[in-house]
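Trainee: Sharing a structure with you now.
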Amino acid sequence: MRRYERDSAEAATRVVVMAMLADGHLSRCEIEAFAHADAHRQLGLDSAQLRDLISDFCDDILQAAPGDWAQACRSGTESLSAMLREIECPTLRRKVLRICKKVIEADAHLADGEATVLAEMFAQWGIDARAKHAATPAAQNLSMPARKENRHAQLQH
Numbered sequence: 005m006r007r008y009e010r011d012s013a014e015a016a017t018r019v020v021v022m023a024m025l026a027d028g029h030l031s032r033c034e035i036e037a038f039a040h041a042d043a044h045r046q047l048g049l050d051s052a053q054l055r056d057l058i059s060d061f062c063d064d065i066l067q068a069a070p071g072d073w074a075q076a077c078r079s080g081t082e083s084l085s086a087m088l089r090e091i092e093c094p095t096l097r098r099k100v101l102r103i104c105k106k107v108i109e110a111d112a113h114l115a116d117g118e119a120t121v122l123a124e125m126f127a128q129w130g131i132d133a134r135a136k137h138a139a140t141p142a143a144q145n146l147s148m149p150a151r152k153e154n155r156h157a158q159l160q161h
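Each residue of the sequence shown is one higher than the one before, starting from 5 at the first, in this note's numbering.
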């Protein structure tokens, strides 16, 4: 896996691309959510740089896990942790997390790979429980079991 300069546009965008591909495919609604958020510009890349970064990322994950594309997209937490360590700035972390959540929620389904990406972001970046529980619906699915039971009970009343 390539290394990027800490807090660089490339490092930040790669985390978002990883989130987009974490379920093994790139859906049209995820691409539209990314475009609607103007994410590449928010993170500091132009369109050509974004295309190059996506191509490089796909090459990297296929080299790391040759064979099945869907399996290759589900990079291990070691690779994900290394990518997340390249983002140190708290403001940039919040921006990346916000964009990742928009993209992940675009298809109204939280796949295991996407849940892993969000959970690792929360854990490694020290996102506290209040922020996690106040987050969007996809992130709420990562909550503690008691919270899910409470939500279920609320729906019945």
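Where a beta carbon is used, it is the ideal one built from N, C-alpha and C, also for glycine.
1) Which word fits Glu-163, buried or exposed, when buried means at least 16 other C-beta atoms lie within 10 angstroms of its C-beta?
2) Using the beta-carbon count (16 or more within 10 Å), is Arg-97 buried or exposed?
3) DSSP on His-40, reduced to helix/strand/coil?
4) Closest by CA to Ala-43, which one among Asp-111, Lys-99 and His-113?
5) Note the first and the last residue of the continuous alpha helix (DSSP H) segment covering Leu-162.
6) So for Ser-12, helix, strand or coil by DSSP?
7) Spatial neighbours of Leu-84 within its chain, please: CB distance less than 7 Å, with the 5 preceding and 5 following residues excluded, ordered by chain position.
8) Quick check on Gly-130: buried or exposed, where buried means 16 or more other Cβ atoms within 10 Å of its Cβ?
9) Relative to the C-alpha of Lys-106, which residue among Glu-9, Ala-41 and Ser-31 is closest?
10) Compute the Euclidean distance between the alpha carbons of Arg-89 and His-113, then round it to the nearest angstrom.
11) Hey, would you say Ile-103 sits closer than 9 Å to Gln-46, going by beta carbons?
12) Just verifying my parser: in three-state terms, what is the DSSP assignment at Ser-59?
13) What span of residues does the alpha helix (DSSP H) with Leu-88 cover, start to end?
14) What residue from Arg-32, Cys-33, Gly-28 and Asp-56 has the CA that sits closest to Thr-17's CA?
15) Answer yes or no: does any C-beta atom of chain B fall closer than 9 Å to that of Lys-99?
16) Please state whether the Cβ-Cβ distance between Glu-36 and Ala-110 is less than 9 Å.
Mentor: Straight from the coordinates:
1) Outside the displayed range of the chain (5 to 161) lies residue 163, so it cannot be described from this structure.
2) buried
3) helix
4) Of the listed residues, the one whose Cα sits closest to Ala-43 is Lys-99.
5) The question about residue 162 has no answer here: the residues shown for the chain are numbered 5 through 161.
6) coil
7) Residues Met-22, Val-121 and Glu-124 of the same chain have their beta carbon placed closer than 7 Å to that of Leu-84, with the five preceding and five following residues left out of the count.
8) exposed
9) Ala-41
10) 27 Å
11) yes
12) helix
13) 81-89
14) Asp-56
15) In the displayed structure, chain B is absent; only one protein chain is listed.
16) Judged by their CB atoms, Glu-36 and Ala-110 are nearer to each other than the 9 Å cut-off.
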